[in-house]
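Comments concern the structure below.
Numbering (my numbering), first residue to last: 1 to 311.
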């Protein structure tokens, strides 16, 4: 079956909104394939068929996979919508005549991802998330920009945002998605050495300075602790300013390519902690800054001004 024939058939089988999404993924995958030197025909075909099983009845999906020897995870049994990717890979082979194993594999992992995805897998995974018709997911504009320069970083950020969203909403995280997130997080961190931590701390300080934080200090704890390389500490004049500082740090760090792993505090808090693993940012109201006195507790570390990071 030719690409045009598959496209014509899909147009009859998918709802109009789903078909428009599919063509958006095709266009995006084509662009990324050209950008990163992947096979354009493979990318177009995998993108075209990635949601071909989207409207397969939920009640049929488990048996359809199992009858073709495709394993079904516990998360997929609890959330049958996830199975449209695996079902789609089978349907692409049986109904649309696709025999290329790389195309079939890219279709099967486009929803959950997996560790060590190849280039085609990454292109379809990213294209499905960032195609122009998408408008609900967080950080879309930044992800679209990053996808043009660093595909693997984009994969990591999508997985990070997905895991964070599912945790916050008490959703089910598929085991494969979690393994993929851990894999790309570990791979990413293997390149994040001390100099990169210093750069992260500098970005955080600049974000705090931009919103007029007071008494910004940095403590280098790399030689006295394994919990991080740097603490960045700042004081907010009031809770309104604290919220502005937190928001600006979030924005500037994300734009610089850094994703938080933990945040503590809320709009009524007198302190906020934002953990980026290699650096931890502490923002206090004045009374709590004096009470916790991190500079005294971590006196064995090296106390620095933000300007020292540029030395």
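Positions of the beta carbon are idealized from the N, C-alpha and C atoms, including for glycine.
Among the residues of its own chain, which have a CB less than 7 Å from the CB of residue i, if the five just before and after it don't count?
| i | result |
| --- | --- |
| residue 97 | 1 |
| residue 76 | 82, 83, 174 |
| residue 40 | 30, 33, 34 |
| residue 142 | 254, 255 |
Between which two residues does the alpha helix (DSSP H) carrying residue i extend?
| i | result |
| --- | --- |
| residue 119 | 119-130 |
| residue 275 | Run containing residue 275: none in the alpha helix (DSSP H); it sits in the beta strand (DSSP E), 271-275. |
| residue 341 | In the structure as shown, the chain starts at 1 and stops at 311, and residue 341 therefore has no counterpart that could be examined. |
| residue 253 | 239-255 |
| residue 163 | 151-168 |
| residue 136 | Unbroken run through residue 136: none, as it is neither H nor E. |
Below 8 Å on the Cβ atoms is my contact criterion, and I expect residue i with residue j to pass it. Report the Cβ-Cβ distance as a whole number of Å.
| i | j | result |
| --- | --- | --- |
| residue 217 | residue 233 | 5 Å |
| residue 45 | residue 82 | With 8 Å as the limit, residue 45 and residue 82 do not qualify as a contact, their Cβ atoms being about 22 Å apart. |
| residue 32 | residue 92 | About 20 Å separates the two Cβ atoms, so there is no contact after all. |
| residue 148 | residue 35 | 6 Å |
| residue 130 | residue 28 | 6 Å |
| residue 226 | residue 300 | Rounded, the Cβ-Cβ distance is 14 Å, inconsistent with contact. |
Residues in its own chain within less than 8 Å of residue i by CB, not counting five upstream and five downstream?
| i | result |
| --- | --- |
| residue 267 | 239, 243 |
For residue i, does the three-state DSSP call read helix, strand or coil?
| i | result |
| --- | --- |
| residue 84 | helix |
| residue 53 | coil |
| residue 223 | coil |
| residue 6 | helix |
| residue 287 | helix |
| residue 302 | strand |
| residue 72 | coil |
| residue 218 | strand |
Within the same chain, show all residues whose beta-carbon is closer than 6 Å to that of residue i, passing over the 5 residues directly before and after it, in chain order.
| i | result |
| --- | --- |
| residue 58 | 80 |
| residue 263 | 274 |
| residue 207 | 248, 249, 252 |
| residue 53 | 84, 87, 88, 91 |
| residue 270 | 285, 288 |
For residue i, which of the options has the nearest alpha-carbon?
| i | options | result |
| --- | --- | --- |
| residue 120 | 184, 151, 228 | 151 |
| residue 309 | 230, 275, 255, 281 | 230 |
| residue 74 | 176, 9, 142 | 176 |
| residue 179 | 13, 28, 116, 258 | 116 |
| residue 186 | 261, 19, 34 | 261 |
| residue 198 | 123, 163, 156, 281 | 281 |
| residue 159 | 132, 297, 170, 122 | 122 |
| residue 109 | 124, 99, 134 | 124 |
| residue 66 | 87, 56, 55 | 87 |
| residue 279 | 296, 212, 221, 293 | 221 |
| residue 290 | 78, 276, 235 | 235 |
Considering just the uninterrupted stretch of the beta strand (DSSP E) at residue i, what are its terminal residues?
| i | result |
| --- | --- |
| residue 230 | 230-236 |
| residue 114 | Segment: none, residue 114 is in no beta strand (DSSP E) and carries neither H nor E. |
| residue 307 | Neither: residue 307 is in no beta strand (DSSP E) and is coded neither H nor E. |
| residue 264 | 262-264 |
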